[in-house]
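J.: One structure, pasted below without further comment.
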Amino acid sequence: MEPGRRLRDEAVLEVSDGPQARPWYSVVDAWRDWYSGYLGSHIEFENSEGEIGRTALENSYMPDYGKRYYAKLKDFERGVQREFDGMTTVMLTFTASHRNADGGWRCPADHMRDIMDGYDAARKQLHQVLSGQKWEYARVWEPHADGYGHLHMAVFVEDGGGDLRAEQFRSVMESHVRNCGPAGREAHQVEGDDAAVSVNDDVENLGSYVSEYIGIFGDETLNRPMKEQMFYAVTWATNTRRVDFSNGAQEMMNREQTRRQFRRETDGLEPEDCPEGFEEWQEEQEEDDGAVSEWTVESICTVSYGSPEYADPTTGGVETTAIEGRSGVDPPPSFE
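Residue 330 in UniProt numbering sits at position 330 of the sequence shown; the count goes up by one each step and never skips.
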């Protein structure tokens, strides 16, 4: 692994020449142990009257968490339908070689960072390509069959006339290739059967469309195919978010959640039906948000066998360590 990368402490091996990354199989074991620790665990609350409440402790790898992603995507879909005059979806796929310059397997954490370096440059180029247009995006990591990751960027563009073409995004893909040495131009073409750019102006169910890339439904996590568990272990060790949204998309989803809550509390009224009432309701929500809750988090409770085990909730958090690495061990490939 390249020197200076940071990994979760559970993925780090302390040796005589400094902290090094654990082998991939060992990181998978550590991730499975970490995940198993959530099973049967709860956050315990207590109010001023001594009443106790519990809610299950969750992490983003749990199947139920996928339902939240799907709900957010459906909110986004409703927001797009409300705020865009027609929509075209552009799916951009960014990847890189899994092999290093010596023909061996590339360190998966370095490989993921390679792709992100290219993606960061491509995203800036995308702003230039879509300058003057209304658009938002969702970013999704997905595993290959060998456990390495690749990145999808679903771009949602207001395009009532359906005029967008894949060729318009050539400079975006070229930017990724220039800034990600292991990327290669052949894998990032905008035309052909295996094109890395697809343009679709008739997506009827945006939530399902993006969810196919996320892989949010299926078996319990520890029973998922090993390629997925290997991939999950890498994202966990590197603190990589598997799903992310643009700021505008987040705001759009928040607005839809607010609308839904208002409808629920007013027997189906839309904000447009009573704007003054909606403003008063929002002010009440802000006052409630500013109030001090009578419930406080007391502990994390795990019940496995026998009596519950309690832990201090303030001792959590992710600790990371910079890897010393060994220069030259995993040289990235380079393509013309």
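Glycine included, C-beta positions come from ideal geometry on N, C-alpha and C.
Nearest CA to the CA of Met91: which residue from Glu49, Arg165, Asn47, Ser36?
T.: The residue with the shortest Cα to Cα distance from Met91 is Arg165.
J.: I'd like to confirm the pairing. Which residues does DSSP put opposite Leu92 in its beta bridges?
T.: DSSP lists Met153, Val197 as partners of Leu92.
J.: With a cut-off of 8 Å, do at least 3 Cβ pairs link the region 119-134 to the region 99-106?
T.: Segments in contact, no.
J.: Take Gly181 and list the residues in its own chain whose beta-carbon comes closer than 6 Å to its own, dropping the five residues that flank it on each side.
T.: Closer than 6 Å at Cβ, skipping near neighbours: Pro332, Ser334.
J.: Among the candidates Gly192, Phe278, Leu57, whose CA atom is the shortest distance from the CA of Arg264?
T.: For Arg264, the nearest C-alpha among the options comes from Phe278.
J.: Could you tell me the boundaries of the beta strand (DSSP E) in which residue 341 lies?
T.: With the chain covering only 1 through 336, there is no way to say anything about residue 341.
J.: Should Ala145 go down as buried or exposed, given a rule of 16 or more other Cβ atoms within 10 Å for buried?
T.: So Ala145 counts as exposed.
J.: For Tyr61, name the three-state secondary structure that DSSP assigns.
T.: Residue state, collapsed to three classes: coil.
J.: Between Arg99, Leu57, Asp117, which lies nearest to Asn179 when the distance is taken from Cα to Cα?
T.: Cα-wise, what sits closest to Asn179 is Asp117.
J.: Hey, Thr88 and Asp159 are a contact pair by Cβ (cut 8 Å); roughly how many whole angstroms apart?
T.: That pair is a contact at about 4 Å.
J.: Give the secondary structure of Val243 by DSSP, where H, G and I count as helix, E and B as strand, and everything else as coil.
T.: Val243 falls in the strand class under three-state DSSP.
J.: In terms of residues, what are the limits of the alpha helix (DSSP H) holding Tyr35?
T.: Its alpha helix (DSSP H) spans residues 24-36.
J.: Is Ala101 helix, strand or coil when you go by DSSP?
T.: Reduced to three states, the DSSP call for Ala101 is coil.
J.: Sorted by chain position, which residues of the same chain lie with C-beta nearer than 6 Å to Asn200's C-beta, five sequence neighbours on each side aside?
T.: So the qualifying residues of the chain are Thr89.
J.: Can you say whether Ala322 is buried or exposed, counting buried as having 16 or more other CB atoms within 10 angstroms of its CB?
T.: Exposed, because fewer than 16 other Cβ atoms sit within 10 Å of the Cβ of Ala322.
J.: Compare the C-alpha of Gln81 against each of Val318, Asp273, Ala249 and name the closest.
T.: Comparing Cα positions, the closest option is Ala249.
J.: Going by DSSP, which residues form a beta bridge with Pro143?
T.: Looking at the DSSP assignment, Pro143 forms a beta bridge with Gly149.
J.: Which residues does DSSP pair with Pro19 in a beta bridge?
T.: Paired residue(s): Glu14.
J.: Taking 7 Å as the cut-off, decide whether the C-beta atoms of Val12 and Met230 are in contact.
T.: No, the pair does not count as a contact, with Cβ atoms beyond the cut-off.
J.: Let me check understanding here. Comparing Cα to Cα, which of Gly18, Thr240, Ala21 lies closest to Val140?
T.: Of the listed residues, the one whose Cα sits closest to Val140 is Thr240.
J.: Which same chain residues, not among the five before or five after Ser171, have their C-beta less than 8 Å away from its C-beta?
T.: Same-chain partners within the cutoff: Gln125, Gln128, Val129.
J.: In whole angstroms, what is the alpha-carbon distance linking Phe76 and Val243?
T.: Between Phe76 and Val243, the C-alpha separation is close to 14 Å.
J.: Can you tell me which of the three DSSP states Gly53 falls into?
T.: Strand at Gly53.
J.: Enumerate in chain order the residues of its own chain whose CB-to-CB distance from Arg260 is below 8 Å, with the five nearest sequence positions on each side excluded.
T.: Closer than 8 Å at Cβ, skipping near neighbours: Asp75.
J.: Answer with buried or exposed for Gly161, where buried requires no fewer than 16 other C-beta atoms within 10 angstroms of its C-beta.
T.: Exposed.
J.: On the CB-based measure, 16 or more other CB atoms within 10 Å of its CB, does Met226 come out buried or exposed?
T.: Burial call: exposed.
J.: Quickly, what does DSSP pair Tyr137 with across the bridge? List them, please.
T.: Val155.
J.: Please list, in chain order, all residues of the same chain as Ala195 whose beta carbon is under 7 Å from its beta carbon, the five residues on each side excluded.
T.: Closer than 7 Å at the Cβ level, and outside the excluded window around Ala195, lie Ala166, Gln189.
J.: Spatial neighbours of Asn59 within its chain, please: C-beta separation below 6 Å, excluding the five flanking residues on both sides.
T.: Taken in chain order, the residues that qualify are Tyr38.
J.: Give the range of the alpha helix (DSSP H) segment to which Leu126 is assigned.
T.: Leu126 -> alpha helix (DSSP H) spans 108-129.
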